[in-house]
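Under the numbering used here, the first residue of the sequence shown carries the number 3, and numbering increases by one thereafter.
Cβ coordinates follow ideal geometry from the N, Cα and C atoms, glycine included.
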Amino acid sequence: MTIHLTHTGVLAGQPFCGAVRDEEAQLSGEVQYAHGVYAPIERAEYRAHCCPACLAVFASAWDEDQEKPHWVFAVLNHHATHREDPRQQELFA
Ligand SMILES: [Zn+2]
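Next comes the structure, spelled out in structure tokens:
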């Protein structure tokens with residue numbers, strides 16, 4: 003099961019990763035959609051079910067001068083270790 007994190011506001015319900023909503027997969031329980039800002043992303047066991055692309059978009063959208071919750075670092079670090087460009091790894095180190 004994958005949880006896509008979605009926008010609120012004008013794009014309400016659209017996944018951060020840009021995936022098209024699949025209502026059939028949702029009905030069968032394969033995917034879920036959750037508003038990113040309200041989802042309990044700080045829980046590692048919840049994050050483990052989240053779409054990695056949605057998490058990456060959400061984590062990188064955090065403002066530089068805004069205090070980041072620990073899950074943002076967890077996602078960015080995880081993301082950085084999977085990058086191929088070593089210069090980008092430095093940025094996230
Ligand atoms: Zn997604």
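In terms of Cβ geometry, Phe18 and Val59 form a close pair [threshold 8 Å]. With 16 or more other Cβ atoms from the protein chains shown falling within 10 Å of its own Cβ, Val74 counts as buried. His6 has its alpha-carbon roughly 8 Å from the corresponding atom of Leu57.
Rounded to whole angstroms, Ser62 and His37 show a C-alpha spacing of 17 Å. DSSP places Gln34 in the uninterrupted beta strand (DSSP E) bounded by Val33 to His37. Ligand 1 approaches His6 closely enough that one of its heavy atoms is under 7 Å from the residue's Cβ.
In terms of side-chain proximity, the C-beta atom of Ala27 is found no nearer than 7 Å to any non-hydrogen atom of ligand 1.
When the Cα atoms are used, Gln34 and Asp67 turn out to be separated by approximately 31 Å.
Between Asp24 and the set Val39, Thr8 and Val12, the nearest pair of CA atoms involves Thr8.
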